[in-house]
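S.K.:
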Amino acid sequence: MDFSKTKGAGLFLNYIVGHYVDNKGSNVSYLKKDAVKGLEKYTETTLKNLSVFERFNIYPEMEGDVKELLSRILVLKDNNNMELSETGYGVQFNMLIILSIFEKIIDFAKKRKDEKTFSTILIFDEPEIHLYPYLQRTIVKDILKIAKGEDEKFNKILKKLFDIDKIDGQVIIATHSSNIIEKDYKKIIRLFSNNNLVDGISGESLELSEKDNKQLEMQFEYVKEAIFAKAVIIVEGESEFGCFNKFAEKMNIDFDRSSIALIKANGANSIIPLMDMFNAFGIQSVGVIDRDKESETQSAVHLNRFYTTSKCFDSEIVENIITKRKYKKLEEILVAYDQHGINRNIQKGKLEKIIKDFRYEDVTVNKDYRFDQVTHSDRIYKVMYVAWFENNKGVLLGKIIGDLLSKNEIPICYQNAIKKVKELSDING
Numbered sequence: 001m002d003f004s005k006t007k008g009a010g011l012f013l014n015y016i017v018g019h020y021v022d023n024k025g026s027n028v029s030y031l032k033k034d035a036v037k038g039l040e041k042y043t044e045t046t047l048k049n050l051s052v053f054e055r056f057n058i059y060p061e062m063e064g065d066v067k068e069l070l071s072r073i074l075v076l077k078d079n080n081n082m083e084l085s086e087t088g089y090g091v092q093f094n095m096l097i098i099l100s101i102f103e104k105i106i107d108f109a110k111k112r113k114d115e116k117t118f119s120t121i122l123i124f125d126e127p128e129i130h131l132y133p134y135l136q137r138t139i140v141k142d143i144l145k146i147a148k149g150e151d152e153k154f155n156k157i158l159k160k161l162f163d164i165d166k167i168d169g170q171v172i173i174a175t176h177s178s179n180i181i182e183k184d185y186k187k188i189i190r191l192f193s194n195n196n197l198v199d200g201i202s203g204e205s206l207e208l209s210e211k212d213n214k215q216l217e218m219q220f221e222y223v224k225e226a227i228f229a230k231a232v233i234i235v236e237g238e239s240e241f242g243c244f245n246k247f248a249e250k251m252n253i254d255f256d257r258s259s260i261a262l263i264k265a266n267g268a269n270s271i272i273p274l275m276d277m278f279n280a281f282g283i284q285s286v287g288v289i290d291r292d293k294e295s296e297t298q299s300a301v302h303l304n305r306f307y308t309t310s311k312c313f314d315s316e317i318v319e320n321i322i323t324k325r326k327y328k329k330l331e332e333i334l335v336a337y338d339q340h341g342i343n344r345n346i347q348k349g350k351l352e353k354i355i356k357d358f359r360y361e362d363v364t365v366n367k368d369y370r371f372d373q374v375t376h377s378d379r380i381y382k383v384m385y386v387a388w389f390e391n392n393k394g395v396l397l398g399k400i401i402g403d404l405l406s407k408n409e410i411p412i413c414y415q416n417a418i419k420k421v422k423e424l425s426d427i428n429g
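Everything in the sequence shown is counted per the UniProt record's numbering, starting at 1 for the first residue and increasing by one.
(1) With distances taken from CA atoms, which of 264, 257, 227 is nearest residue 244?
(2) Would you kindly work out how many angstroms separate the C-alpha atoms of residue 267 and residue 365, rounded to a whole number?
(3) Pick out the complete alpha helix (DSSP H) segments inside the stretch 344-372, 4 residues or longer, and give them in chain order.
(4) Is the beta carbon of residue 258 less than 8 angstroms from the beta carbon of residue 422?
(5) Along the chain, where does the beta strand (DSSP E) containing residue 173 start, and where does it finish?
(6) Ignore the nearest five residues each way along the sequence and tell me which others in residue 425's own chain have a CB closer than 7 angstroms to its CB.
(7) With DSSP as the reference, identify every bridge partner of residue 339, one or two as the case may be.
(8) Since residue 326 contacts residue 409 with CB under 8 angstroms, what's their CB separation in whole angstroms?
(9) Taking its Cβ as the centre, do 16 or more other Cβ atoms sit within 10 Å of residue 28, making it buried, or is it exposed?
(10) Mark residue 344 as exposed unless 16 or more other C-beta atoms lie within 10 angstroms of its C-beta, in which case mark it buried.
(11) Can you have a look at residue 368 and say buried or exposed, based on whether 16 or more other CB atoms are within 10 angstroms of its CB?
(12) Which residue wins for smallest C-alpha separation from residue 438, given the options 252, 206, 256, 317?
(13) Does the stretch 304-321 come close enough to the stretch 210-227 to have 3 or more Cβ pairs within less than 8 angstroms?
(14) Residue 346 to residue 401, Cα distance in whole Å?
(15) Use the C-beta contact count for residue 339: other C-beta atoms within 10 angstroms, 16 or more gives buried, fewer gives exposed.
(16) Along the alpha helix (DSSP H) that carries residue 200, what are the first and last residues, could you check?
(17) At what residues does the alpha helix (DSSP H) containing residue 100 begin and finish?
(18) Measure the alpha-carbon distance for residue 384 versus residue 92 and round it to whole angstroms.
(19) Below 8 angstroms on the Cβ atoms is my guess for residue 142 versus residue 98; work out the distance and round it to an integer in Å.
(20) When the Cα atoms are used, what is the spatial distance from residue 415 to residue 104?
(21) Does the beta carbon of residue 380 come closer than 8 angstroms to any beta carbon on chain D?
(22) Out of curiosity, what's the CA-to-CA distance linking residue 398 and residue 222?
(23) Do the stretch 118-135 and the stretch 174-183 touch if we need at least three Cβ pairs shorter than 8 angstroms?
(24) Fully enclosed by the UniProt domain "OLD protein-like TOPRIM" (227-292), which alpha helix (DSSP H) runs are 4 residues long or longer?
(25) Under DSSP, the alpha helix (DSSP H) around residue 43 begins and ends at which residues?
(26) DSSP beta-bridge partners for residue 307?
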């Protein structure tokens, strides 16, 4: 990419030189020709000693075309005096993307009549190559701003060099990066293999309810990576999100290798709309839902829903471990996450709330409790751990749970959901 190229991204750089020379006229002298003549003579005398130059009558000569001469003198450098060709591919590709737009503009300028607006379709194939995530998002913003005619500095160049006011363009981008995808799912066309044929689905054609559409508009930015997946597993909250990758590993399932996306819905009410969207895009999905939300989601047509056997994730983990008599495992999780460990105190009010919400009606409480004050045979034991899990739910706790639980200690509902999403991924593979 330099000023001497007359094709591709270099065409615009070459055009700038030509535009400058044309405006200055033919009377401007850019070099001391006598000094260059001396160099020319010296070089010729030296090269004549080589028979190959003499044989083919090859000799040095000063370039007579001023535009050609100047385009070879100029080079692009950064503020560290490093030539563009020596910089990283990210810098070069970033510039290449923007400069390539000018190639189309130059062609348009040659053919146009009196048009002041350049109407076009800008097509980019994987512009994310060699760019880190922030730069991927930035370059797309730059492209869209230019295409909408909103980049004032870009428009200034158009006016100065081509007498064009702005671009009015549509942008089409082929990408494998979630950083490139727009936040609006309606602007996506997903291409995928279907019975050895290429199939495609446009987000614009999706028929979703107004309620679901609003939900997706808020959520899509955080789940768009799943557009590239073969199958998706959707969980309610952060704790599940933190542990499900670990659970899958314990089951010898690699979500990444199987192209399975793990999505956090931030609540049961978002799971069904997300499943609707993914299924509409041709992506099979599995929803993992807390039992206390079953009545709110039961009417949905999706078959691939898995409910906890108890009220929610917190009680599912605690009750499953207690049922298996792995009491030490609960303490390991507590100590790994909580700096107070078994000295952690659970207040009476919190315990009463858990008893009421989880219907542990055979338990009564009249004071605060510390974990070192109870044993697994005490009725308050289960209540305390459910209360603690609920107080500390989050991705970090989920990862600790995933690390410490063995395959046999993973609740069956979660195992079944993970097996199902792997099955769906294999079918779509």
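We treat Cβ as the ideally placed atom computed from N, Cα and C, and that holds for glycine.
Treat the numbers as computed from the prediction; the structure is a model and nothing was measured.
M.R.: Reading it off the structure:
(1) It is 264 whose Cα lies nearest to the Cα of residue 244.
(2) So the two alpha carbons sit approximately 30 angstroms from each other.
(3) Runs found: 348-357.
(4) A Cβ-Cβ contact shorter than 8 angstroms links residue 258 with residue 422.
(5) Element bounds for residue 173: 166-174.
(6) The residues are 230, 231, 258, 259, 260.
(7) Residue 339 is not bridged to any residue.
(8) Contact flag correct, Cβ pair sits at about 6 angstroms.
(9) Taking all protein chains in view, the Cβ of residue 28 is surrounded by fewer than 16 other Cβ atoms within 10 Å, so the residue is classified as exposed.
(10) Per the 10 Å Cβ criterion, buried.
(11) Residue 368 should be labelled exposed.
(12) This structure leaves residue 438 out entirely; the chain is present only between 1 and 429.
(13) These segments do not touch.
(14) Going from the Cα of residue 346 to the Cα of residue 401 covers about 20 angstroms.
(15) When all chains shown are included, residue 339 counts as exposed.
(16) No alpha helix (DSSP H) contains residue 200, which is instead part of the beta strand (DSSP E) from 197-202.
(17) For residue 100, the uninterrupted alpha helix (DSSP H) run begins and ends at 89-111, by DSSP.
(18) The C-alpha of residue 384 lies about 58 angstroms from the C-alpha of residue 92.
(19) That belief holds up - the Cβ atoms of residue 142 and residue 98 are roughly 7 angstroms apart, short of 8 angstroms.
(20) Taking the straight line from one Cα to the other gives about 54 angstroms.
(21) Of the protein chains in this structure there is only one, and it is not chain D.
(22) Each residue's alpha carbon lies about 19 angstroms from the other.
(23) Three or more pairs of CB atoms, one per stretch, sit closer than 8 angstroms, so the stretch 118-135 contacts the stretch 174-183.
(24) If we require 4 residues or more, the alpha helix (DSSP H) runs fully inside the UniProt domain "OLD protein-like TOPRIM" (227-292) come out as 238-250, 271-280.
(25) Counting along the chain, the alpha helix (DSSP H) containing residue 43 begins and ends at 33-47.
(26) Per DSSP, 289.
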